[in-house]
Amino acid sequence: MTDGVSGVDSIATAVDVSPTGTNAIDGLLWGRRWVSDTGSDTTTISFSFPDQNSQFNTGPGGYPNDGDLEPFSGLTAVSDTAQDLFRSILQSLEDFTNLSFVEVDDSGDSAGTIRLANTGIDDENAVAWAYLPGAYQAAGDIWVLSANHSEDDIDYVHTLLHELGHALGLKHSFEAEDEFPAIDSSLEGVDYTVMSYSVSARFPDAQWQDLWPQTYMYADILALQYLYGVDTVTTAGTDNYAYSQDDRHFLTIWDYGGDDTLSVSGNRAVKLDLTPGSWSNVGTTVEYWDGSSFFTNSDTVFIMPDTVIENATGAEGDDTIVGNDADNVLLGNGGADTISGGAGADTLDGGAGDDQLTGGAGEDIFTIEGDDVVSDFENGVDKIAFETGENNLNLIDITQVGDDVRVQDSSGNSVLILNISASLIDVSDIVDGVEDGQYLVGTNAAELIEGDASDDTIEGGRGEDTLNGGDGADKLLGGTQADLIYGGDGGDSLLGGNGNDTVLGEAGNDTLTGSIGNDNLSGGSQGDRLFGDDGADTLDGGGGSDRVDYLKDDDDILVDLETGETSGGYAEGDVLINIESLFGGKGNDTLRGLEDGSRLHGAGGDDIVSGRSGDDILAGGNGNDSVIGGAGDDVLNGNRGDDTLIGGTGDDFMIGSAGADTFVFNAGDGDDTIRDFRSNDILDLSATSTDFTSLEQVLAAANETADGLLIDLGSGDSLLLQGAQLTDITAENLIL
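So for the sequence shown, our numbering puts the first residue at 120; every next one is plus one.
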């Protein structure tokens with residue numbers, strides 16, 4: 120252990136904070152927080168893991184080396200496992216706050232603001248401690264008493280959460296400090312804040328539990344977001360909070376937005392409640408001791424009051440799933456499930472087993488498999504969908520059963536619809552698959568329309584539809600609103616229509632068209648063709664060799680597959696991902712390829728088509744184009760028009776095609792070939808290694824071979840004119 124008055128001066132700047140007037144926040148504030156010297160909205164804090172070779176400041180505010188302080192009393196580095204746990208906690212903080220953590224070396228005069236290590240101080244009562252933000256060298260340091268605590272203990276993660284909370288400016292929840300009160304008793308427990316010493320606010324008599332929180336909890340998140348701001352980016356998209364029953368879970372979910380899912384895998388029954396501010400049971404049971412007896416509770420996942428999770432997927436047991444006011448997709452999977460949608464246009468699918476389904480307010484879709492019960496069907500508003508995809512014209516039975524109606528399909532699946540007359544149920548209430556060669560059209564409502572293994576044609580209506588082609592080569596058309604379209608297996612043709620659509624090709628060689636709106640197109644696992652058309656679209660080819668087309672565009676566009684730059688016409692605002700092939704439109708386009716090689720086609724207009732360092736296939740299309748190969752062994756085709764072809768370095772193969780074309784060669788361009796040199800074409804040899812000044816010099820460097828006329832351009836470069844002879848070259852063909 121090295122010490123010295125100069126030591127390590129590594130701490131960030133700390134500033135005072137004021138109370139908010141909200142007890143859940145103020146009850147955890149100590150009164151100071153870290154800030155970045157850059158003035159950025161993001162607070163960047165360094166961290167490190169000291170070991171025996173690290174240095175600690177022994178001056179004022181540091182660690183005087185009297186032999187009794189942490190660095191000088193058996194310091195050891197925390198294990199690699201503990202370091203990884205700590206890094207994962209820091210990452211979780213970055214997901215819900217505007218904190219950014221940077222790991223630095225802890226050696227010599229380098230160290231982080233936050234430092235985590237073990238110490239051997241003799242203290243029978245302590246487990247771990249941390250120093251709060253401030254203008255002193257120990258500030259931010261976290262110490263674990265290795266004799267009393269290890270990573271094998273059931274509360275080790277909770278200990279790291281707790282001490283890191285101190286290092287970031289949180290006090291104990293039960294303490295009152297100046298302007299900052301103790302937290303309310305309804306929140307005084309680790310189920311709502313890891314800064315508590317109490318086992319549970321929900322069970323105040325509990326003295327022990329066999330599972331501790333694995334994340335920051337409700338009040339912690341509020342307080343840390345107040346101190347360091349809210350991350351509005353990381354969880355703003357599509358997030359899946361998935362929990363396996365092979366593990367145990369005790370945590371809080373905070374999410375900023377997007378279309379999110381809470382899902383569980385396993386065989387035990389769960390209770391998933393998407394209501395903001397509610398607890399869910401994902402199959403983890405916690406055992407408690409109240410001083411006289413043991414008891415258990417399984418509500419271990421809390422959803423923050425300001426968080427909306429849109430979808431839920433149950434396990435294989437008899438699950439209870441409750442939606443919220445959003446448009447939920449609630450899937451029960453196996454077991455006899457009870458599912459309630461709440462408000463919103465919900466899709467309720469119990470899966471296998473005999474399920475109880477209640478849609479609640481809104482236009483709901485009930486997907487039936489087994490013998491299910493729907494308690495609140497509203498004809499003309501809600502829809503029934505059979506999981507097996509039986510066409511509505513082939514339903515074999517609609518029967519009045521007392522006050523209820525039973526609808527059964529030809530596969531034996533049935534639904535008992537409570538408190539309704541059979542006269543009110545007809546095929547217009549059924550949304551499902553299509554038979555071979557049939558065409559299914561949606562209505563004005565938001566619908567789930569599914570095809571089967573045949574080649575289906577499905578058209579959405581005026582609602583926000585979900586179309587699923589299933590197997591086969593399907594044609595799916597989205598309609599007028601924001602639709603979700605799945606191609607399924609097979610080579611499908613998918614059209615988003617109006618609205619901001621999501622179009623997923625999935626397996627097969629698919630054609631995806633966004634049409635009008637800001638669309639999200641994803642090709643899937645094989646080679647697909649994507650048309651974004653109008654709007655700022657995201658075009659993701661996925662696996663395979665994928666192509667984006669702007670053939671319908673009359674405007675001039677620029678698309679660079681390597682840098683992601685897009686502008687003009689239909690390309691304005693587009694994002695291209697995993698795209699290997701690109702076709703321009705009718706305007707004067709600029710197309711640039713990938714470093715690893717691309718296939719580019721200018722189509723109409725006077726285009727500039729450029730490859731990069733890979734082996735490219737480049738075509739100008741109609742118009743007077745410039746086709747530039749770059750490095751690599753490229754194939755260049757001018758197509759129609761008077762084109763300029765520049766092979767670049769590498770051994771290139773060039774085709775002028777129709778028109779009077781100019782082929783440009785530079786020193787170092789390698790061994791190039793022209794397939795179709797004609798009398799009206801031009802060879803630009805002005806920048807080759809040989810300083811040609813006359814036709815005679817060019818002919819002297821040329822030899823007739825079995826393959827054509829081979830011209831030595833100097834320094835190892837050559838040009839082969841396939842099928843040509845010496846007499847085919849005139850002074851009019853040369854730029855020297």
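Glycine is no exception: its CB is placed at the ideal position from the N, C-alpha and C atoms.
- The beta carbon of Val492 sits closer than 6 Å to those of Gln475, Leu535, all from its chain and outside the five residues before and after it, given in chain order.
- Contact between Asp339 and Thr312 holds, since their C-beta atoms are separated by about 5 Å, short of 8 Å.
- When the Cα atoms are used, Phe175 and Asp224 turn out to be separated by approximately 13 Å.
- Distances from the alpha-carbon of Asp156 to those of Ala133, Thr354, Ala471 put Ala133 closest.
- Rounded to the nearest angstrom, the gap between the Cα atoms of Asn416 and Ala541 is 44 Å.
- For Gly827, the beta-bridge partners assigned by DSSP are Thr824, Gln841.
- When Phe191, Thr403, Ala325, Gly748 are compared, the shortest CA-CA separation from Ser411 is found for Ala325.
- If the five residues before and after Val427 are omitted, its C-beta is found closer than 6 Å to the C-beta atoms of Ala445, all from its own chain and listed in chain order.
- In the structure shown, Ala541 adopts helical secondary structure according to DSSP, grouped into three states.
- Val352 is classed as exposed because its beta carbon has fewer than 16 other beta carbons within 10 Å across all chains shown.
- For Gly478 against Gly451, the beta-carbon gap comes to about 14 Å, at or over 8 Å, which does not count as contact.
- About 4 Å separates the CB atoms of Gly740 and Gly721; that is less than 8 Å, so the two are in contact.
- Closest in C-alpha terms to Gly618, from the list Gly646, Gly651, Ala249, Asp590, comes Gly651.
- Under the three-state reduction of DSSP, Leu283 is assigned to helix.
- In this structure Trp331 touches Asp274 by the C-beta definition: roughly 4 Å separates them, less than 8 Å.
- If you draw a straight line from the Cα of Gly704 to the Cα of Gly687, it comes to about 11 Å.
- Separation of the CB atoms of Ile698 and Leu710 is rounded to 11 Å, and the pair is thereby denied contact status at 8 Å.
- Boundaries cannot be given for Ser265, as no alpha helix (DSSP H) includes it and DSSP labels it neither H nor E.
- Here Phe166 is bridged, per DSSP, to Glu222, Ile233.
- For Lys290, the number of other beta carbons within 10 angstroms of its own is at least 16, and it is reported as buried.
- With fewer than 16 neighbouring CB atoms inside 10 Å of its own CB, Val694 falls in the exposed class.
- Here the alpha carbon of Gly778 sits roughly 24 Å from the alpha carbon of Asp770.
- DSSP places Asp659 within a strand segment (E or B) once states are collapsed to three.
- Contact annotation: the stretch 358–372 does not touch the stretch 160–172, with fewer than three C-beta pairs closer than 8 Å.
- Here Tyr182 carries a coil assignment [DSSP, helix/strand/coil].
- Assigned with DSSP and collapsed to three states, His720 falls in strand.
- Rounded to the nearest angstrom, the gap between the Cα atoms of Val276 and Ser207 is 10 Å.
- Take the alpha-carbon of Gly842 and the one of Gly827: they are about 4 Å apart.
- In the three-state reduction of the DSSP assignment, Arg206 falls in the helix class.
- Under the criterion of beta carbons closer than 8 Å, Asn244 and Val263 do not qualify as touching, at roughly 14 Å.
- According to the DSSP assignment, Leu596 belongs to the beta strand (DSSP E) that extends over 594–596.
- Looking at the backbone, the Cα of Phe796 and that of Gly654 are separated by about 42 Å.
- Residue state for Asp647 is assigned as coil, using DSSP reduced to three classes.
- Cβ contact annotation for Gly356 (same chain, cutoff 7 Å, sequence separation greater than five): Gly377, in chain order.
- For the pair Thr354 and Tyr375, the CB atoms are nearer than the 9 Å cut-off.
- Only residues of its own chain outside the window of five on either side were considered, and among them Thr630, Arg666 have a CB closer than 6 Å to the CB of Arg648, listed in chain order.
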